[in-house]
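Take a look at the structure set out below.
There are 2 protein chains.
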Amino acid sequence: MVVGGGFGGLEAVKRLKRAPFEVTLVDCRNFHLFQPLTYQVATGGLSPGEVAFPLRTIFKRDGNVRVMLAAVSDFDLDGHEVQLRSVDGLPTPGPIPYDTLIVAGGSEYAYFGHDEWRQHAAEVKSLESALGVRSHILAAFEAAELESDPQRREAQMTFVVVGGGPTGVEMAGQIAELARDTLRHDFRAIDPRTGRILLIEATDRLLQAFPPSLSKKAMRSLRRLGVTPLLNSPVVGLDDGGVTIGTNEGKSERIPARTIIWAAGVTASPLAARLGELTGAEVDKAGRVAVEMDLTLPGHPEVFAIGDMVRVRGADGVAQALPGLAPVAMQQGRYAAKVIRARLRDRDVKPFRYRDKGNLATVGRGSAVADISGLRLSGLIAWVIWVVVHLWYLVGFQNRIIVFTRWFFNFVTHGRGARLITMQEPEAGRGA
Amino acid sequence: MVVGGGFGGLEAVKRLKRAPFEVTLVDCRNFHLFQPLTYQVATGGLSPGEVAFPLRTIFKRDGNVRVMLAAVSDFDLDGHEVQLRSVDGLPTPGPIPYDTLIVAGGSEYAYFGHDEWRQHAAEVKSLESALGVRSHILAAFEAAELESDPQRREAQMTFVVVGGGPTGVEMAGQIAELARDTLRHDFRAIDPRTGRILLIEATDRLLQAFPPSLSKKAMRSLRRLGVTPLLNSPVVGLDDGGVTIGTNEGKSERIPARTIIWAAGVTASPLAARLGELTGAEVDKAGRVAVEMDLTLPGHPEVFAIGDMVRVRGADGVAQALPGLAPVAMQQGRYAAKVIRARLRDRDVKPFRYRDKGNLATVGRGSAVADISGLRLSGLIAWVIWVVVHLWYLVGFQNRIIVFTRWFFNFVTHGRGARLITMQEPEAGRGA
């Protein structure tokens with residue numbers, strides 16, 4: 001049984017289809033979300049259907065794979081059962097027995113112990129939250145167009161992105177392009193180009209996962225796009241009216257803004273901590289559970305945990321955190337499937353090893369940074385690689401064509417097709 | 433000033449751009465919705481961004497056109513002002529003065545005096561409601577897959593479409609294709625093909641606007657798809673549990689169903705009745721206001737009303753209702769713009785005349801009926817015409833390519849890309 005239809009879980013099930021046993025995939029959504037592109041939904045570059053793919057479709061031809069729409073409420077590791085809770089008001093399914101369990105619960109954004117901030121900030125983690133951000137950003141410009149009070153208008157046109165990781169960088173870059181380019185001629189009372197886009201990072205550089213030289217390049221490209229990156233600026237306060245950031249000299253600065261997008265720290269799915277409780281496996285402060293070298297939990301060779309909710313123990317016994325990237329989850333999903341298949345033939349598999357294929361991040365149209373096993377690229381070449389890689393991993397041939405079409409048009413016409421304000425998300429209303 | 437960015441209002445503004453005066457387009461949404469295809473969003477055939485186009489983009493290059501996101505609260509015809517109300521929590525704009533006013537408020541579904549039914553039925557009129565219907569239909573199958581009680585499961589898999597007009601026929605056909613074809617292999621506990629799809633029509637035939645021969649053809653195609661059309665079956669009751677229909681013999685029959693889609697009668701936007709009040713123009717029971725031969729309101733040559741919220745007075749003085757179709761609204765929008773431009777040159781324009789270009793409706797993949805000035809077509813030819821016409825009128829070259837791609841893949845692979853359950857609509861939750 002596999003919990004979670006993200007990159008890790010999906011990959012595991014793919015490798016287990018047509019195996020001589022039943023596979024049940026449980027997810028609380030009916031689709032696999034291609035998270036690396038969700039931020040483009042948030043800026044109207046792509047439509048939801050283009051970055052998400054129905055799980056059932058993926059396995060429709062695989063009779064041994066069963067997809068269940070439900071959420072995990074608890075594990076009974078001794079009884080070999082998973083307790084489920086209903087989602088979206090669907091009927092509640094009974095507990096599911098398993099022989100082998102793969103848990104790929106993923107992660108969510110962390111608010112550094114300030115969960116009250118969550119309600120004031122928007123996220124681009126789920127499809128709905130991305131749509132919320134989209135409506136929010138566009139509604140902010142609409143509000144500014146109608147706003148008579150200059151101060152309020154300035155707050156409407158100030159966009160704060162918290163977190164200088166890939167998502168934050170990409171998000172800030174996209175908002176800048178939206179304001180300076182896509183929306184440039186759209187309004188009469190305001191000039192969208194005067195909008196302020198701030199990228200707030202607590203540490204001394206963006207894209208920590210990349211070599212410093214590329215962080216600098218990303219900084220430069222962002223500035224060129226019209227983004228103002230603020231380094232060494234931890235967020236100390238956040239509400240509907242704006243953010244307060246701490247500065248080096250121990251002072252703090254208040255930035256009035258109606259749009260605040262959170263892309264900072266992540267914390268593992270609560271399922272990780274629960275597995276830690278049940279097995280005594282160590283759980284770090286990011287909520288990640290430490291798994292053995294074969295990705296199983298101590299004392300439970302039949303239970304695997306993979307993806308960005310785990311740290312993997314090395315030969316030295318020390319649990320190491322791997323970057324929370326799709327390739328890591330996919331390799332771990334593949335590995336778990338391999339171990340399960342090997343066990344059928346009483347074969348051994350050597351410990352999991354992550355093969356780093358490199359790191360990619362876009363900054364804007366035609367601009368990206370790439371760190372591919374030491375090879376450092378930036379600008380258009382890096383961007384082309386980024387496009388190719390993302391189209392390649394996008395699920396569904398049709399989606400590939402459609403996303404390519406949208407990117408092509410965006411590249412040529414600087415337009416964004418899906419700029420719709422659909423008021424379906426609570427925070428969307430906050431745009432005004 | 434133009435109220436409403438639907439087919440009529442949009443066409444009027446297009447014909448007035450670059451005119452020697454300011455044009456303000458007021459709409460409560462920031463996009464033009466291509467309503468003839470909204471039902472395909474409801475069945476996952478298309479994504480929202482593919483049938484909707486941002487209004488601002490359409491007029492970005494036209495300095496004299498201003499788009500305002502707001503709703504009309506009232507008219508001051510003597511003061512030549514329109515009072516606005518804010519939407520989506522945006523700032524409330526002050527009243528807008530006008531020299532000439534075009535009101536294109538459109539229509540909404542009518543519940544035959546049973547407004548309490550509205551909360552139990554889903555619609556495919558707006559983009560959000562279409563997304564709601566989509567989530568609702570898909571959630572019904574998901575619920576059936578998890579449902580243990582056979583009776584409840586049957587209700588989950590019963591889909592009722594009320595109204596045998598083009599939308600109802602298209603909707604029923606799409607649900608049938610979804611169940612028999614697209615979802616065919618998707619589930620393990622249920623067989624989607626056993627789902628019941630009922631199309632309920634009060635009168636004695638479907639597609640009243642078409643010649644009887646084509647109605648019969650549509651009936652046959654629907655049956656072939658697995659839809660059960662019920663004629664002479666007025667809805668007498670409707671709640672969360674299902675519908676009750678009246679039968680000829682004065683008896684009534686209860687149909688348990690969790691999914692009820694309403695595509696029956698329409699009523700004009702309340703703005704029509706308000707204009708009637710203010711000008712003394714007659715308002716029929718469908719809420720449509722009677723306009724003069726030049727589409728203006730009696731005593732107010734500076735106020736035009738167009739689209740499916742009006743009836744047009746003929747030479748005989750009798751107000752005639754035209755079908756509530758996009759071509760009618762577009763021709764009227766074009767006409768109003770023409771009159772306004774002619775007035776600048778003190779020219780006269782002869783009374784409005786609707787040129788009937790014919791009538792199209794799809795029943796399913798590769799099947800449609802067409803009545804083009806007497807020429808009656810059905811089957812694949814009619815469907816190809818339908819495809820070409822809809823792609824032609826779809827706003828945005830990019831959307832045309834993407835929608836064509838989706839249709840092509842749907843035609844070839846019978847798949848539907850955008851089958852996502854996004855729980856953003858109240859009624860979406862009802863699916864379970």
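Each protein sequence line maps, in turn, to chains A and B. Counting from 1, one number per residue, gives the positions in the first sequence under the numbering used here. Counting from 433, one number per residue, gives the positions in the second sequence under the numbering used here. Glycine included, C-beta positions come from ideal geometry on N, C-alpha and C.
Are the C-beta atoms of Gly429/A and some chain B residue less than 8 Å apart?
Unreliable positioning characterises Gly429/A in this predicted model, as indicated by a pLDDT of 27, which lies under 50. A coordinate reading is not provided.
Hey, how far is the Cα of Gly333/A from the Cα of Ala52/A?
Distance between the alpha carbons of Gly333/A and Ala52/A is about 19 Å.
How would you list, in chain order, the residues of chain A whose beta-carbon sits under 8 Å from the beta-carbon of Pro525/B?
Within 8 Å Cβ-Cβ: Leu146.
Considering only residues of the same chain and omitting the five flanking positions on each side of Pro234/A, which have a CB-CB separation below 7 Å?
Counting only Cβ-Cβ distances below 7 Å, and skipping sequence neighbours, we find Ala202, Ile245, Gly246.
Around the Cβ of Phe829/B, are there at least 16 other Cβ atoms within 10 angstroms (buried) or fewer (exposed)?
Flag for Phe829/B reads exposed.
What residues from the segment 35-65 of chain A come within 7 Å of chain B, judged by C-beta to C-beta, listed N to C?
Of all residues in the segment 35-65 of chain A, Ser47, Pro48, Gly49, Glu50, Ala52, Pro54, Arg56, Thr57, Lys60, Arg61 have a Cβ within less than 7 Å of some Cβ in chain B.
At 3 residues or longer, and completely inside the segment 291-370 of chain A: list those beta strand (DSSP E) runs for me, N to C.
The segment 291-370 of chain A contains these whole beta strand (DSSP E) runs: 300-305, 310-313, 359-364.
Using a Cβ-Cβ cut-off of 8 Å (strictly less than) and excluding sequence neighbours within five positions of Glu714/B, which residues of its own chain qualify?
These residues qualify, in order along the chain: Gly708, Val721, Ala722, Ala751.
By DSSP's criteria, Thr699/B is part of a beta bridge. Which residues make up the other side?
Answer is Glu540/B, bridged to Thr699/B.
Determine, using beta carbons only, whether Glu142/A comes closer than 8 Å to chain B.
Answer yes: the Cβ-Cβ gap between Glu142/A and chain B drops below 8 Å somewhere.
How many Å lie between Phe210/A and Leu377/A at the Cα?
Taking the straight line joining both Cα atoms gives about 11 Å.
Report yes or no: do three or more beta-carbon pairs, one from the segment 124-138 of chain A and one from the segment 224-238 of chain A, lie closer than 8 Å?
Verdict: no, contact absent.
Within a Cβ cutoff of 8 Å, which residues of the same chain sit near Arg706/B, ignoring the five residues on either side of it in sequence?
Same-chain partners within the cutoff: Asp506, Phe507.
Does Arg18/A get closer than 8 Å to chain B when you measure Cβ to Cβ?
So, not an interface residue.
Could you tell me whether the Cβ of Phe112/A comes closer than 8 Å to any Cβ of chain B?
Judged by the 8 Å Cβ criterion, Phe112/A is not in contact with chain B.
Any residues in the segment 166-191 of chain A with a beta carbon nearer than 9 Å to a beta carbon of chain B? Which ones, in chain order?
Under the 9 Å Cβ criterion, the segment 166-191 of chain A contributes Thr182, Leu183, Arg184, His185, Asp186, Phe187, Arg188, Ala189.
Quick check: is the beta carbon of Ala689/B nearer than 8 Å to any beta carbon in chain A?
No, Ala689/B lies away from the interface with chain A (no Cβ there is under 8 Å from its Cβ).
According to DSSP, is Phe466/B helix, strand or coil?
DSSP places Phe466/B in coil when its eight states are reduced to three.
Counting only the same chain and skipping the five closest in sequence on each side, list residues whose C-beta sits under 6 Å from that of Lys329/A.
A small fix is needed here, since residue 329/A is Ala in this sequence, not Lys. Once the five neighbours on either side are set aside, the close Cβ partners of Ala329/A are Phe7, Gly8, Gly307.
Per DSSP, which one or two residues make a beta bridge with Leu230/A?
Leu230/A is bridged to Ile200/A.
State yes or no: is the C-beta of Met309/A within less than 8 Å of the C-beta of Pro351/A?
Contact: no.
Consider the Cβ of Thr405/A: report whether some Cβ of chain B lies at a distance smaller than 8 Å.
At least one chain B Cβ lies under 8 Å of Thr405/A.
Of all Cβ atoms in chain A, is any one closer than 8 Å to the Cβ of Ile833/B?
Taking Cβ atoms only, chain A reaches closer than 8 Å to Ile833/B, which makes this a yes.
Per DSSP, which one or two residues make a beta bridge with Trp694/B?
Paired residue(s): Val594/B.
If I measure Cβ to Cβ from Thr92/A and keep anything under 6 Å in the same chain, skipping five residues before and after, which residues do I get?
Taken in chain order, the residues that qualify are Ser86.
DSSP on Ala68/A, reduced to helix/strand/coil?
Note that residue 68/A is Met in the sequence shown here, rather than Ala. Here Met68/A sits in strand by DSSP.
Give the interface partners of Gln151/A over in chain B, defined as CB-CB distance under 9 Å, in chain order.
Per Cβ cutoff of 9 Å: no residues; Gln151/A is ~13 Å from chain B at best.
Nearest CA to the CA of Ser135/A: which residue from Trp407/A, Ser47/A, Ala110/A, Phe31/A?
It is Ser47/A.
Excluding the five sequence neighbours on either side, which residues of its own chain have a C-beta within less than 7 Å of the C-beta of His846/B, listed in chain order?
Result list for His846/B: Asp613, Thr614, in chain order.
Is the beta carbon of Val497/B closer than 8 Å to that of Leu563/B?
Not in contact: Leu563/B and Val497/B (Cβ atoms no closer than 8 Å).
Taking only three categories from DSSP, how would you classify Ser645/B?
In the structure shown, Ser645/B sits in a helix (DSSP, three-state: H, G or I).
In chain B, which residues lie with their C-beta within 8 Å of the C-beta of Gly30/A?
Looking at the sequence shown, residue 30/A is not Gly but Asn. Per Cβ cutoff of 8 Å: Leu570, Glu574, Arg851, Leu852, Ile853.
Among residues of its own chain, excluding the 5 on either side of Phe836/B, which ones have a beta-carbon nearer than 7 Å to its beta-carbon?
Within the same chain, Phe836/B has close Cβ partners Leu823.
Is the distance from the Cβ of Gly165/A to the Cβ of Leu222/A below 8 Å?
Result no, Cβ atoms of Gly165/A and Leu222/A do not sit closer than 8 Å.
Which residues, taken in chain order from the segment 373-400 of chain A, show a beta carbon closer than 7 Å to some beta carbon of chain B?
Under the 7 Å Cβ criterion, the segment 373-400 of chain A contributes Gly396, Gln398, Asn399.
How about the segment 449-460 of chain B and the segment 539-551 of chain B: do they share at least three Cβ pairs that are nearer than 8 Å?
Segments in contact, no.
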